[in-house]
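Per numbering that gives the first Met the number 0, the sequence shown runs over residues 0 to 67. From the three backbone atoms N, C-alpha and C, an ideal C-beta is built for every residue, glycine too. Predicted model only: the values in this text are computed from it and were never measured. The structure appears right after this line, and notes come after that.
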Amino acid sequence: MSEKQDADLLYGLAAIGGHIGLTARQAEHLVTKGELPSFKLGATICARRSTLAKHFARLEREARHGER
């Protein structure tokens, strides 16, 4: 992987949770419910910072659209 790809990767629930201000358990709950985009590398749940940013931007757009 390139350095940029490495920097984008969040490896494990603690890293994912820390990135979005949640505990690992809270992140696990959202992943299990399908509310956070993620994937597995072996047995470890991972996510990409860029994918999470796009996911939250989409949620914001949908929320603004629903308020009108």
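Asked	Found
Measure the C-alpha to C-alpha separation of P36 and G65 and round it to an integer number of angstroms.	22 Å
What does the Cβ neighbour count give for L9, buried or exposed, with the cut at 16 atoms within 10 Å?	buried
In angstroms with no decimal places, state the Cα-to-Cα distance between E34 and S49.	16 Å
Could you give the C-beta distance for A46 and I15, rounded to a whole number, given that I count them as a contact under 8 Å?	5 Å
Where does the unbroken beta strand (DSSP E) through T43 begin, and where does it stop?	43 to 47
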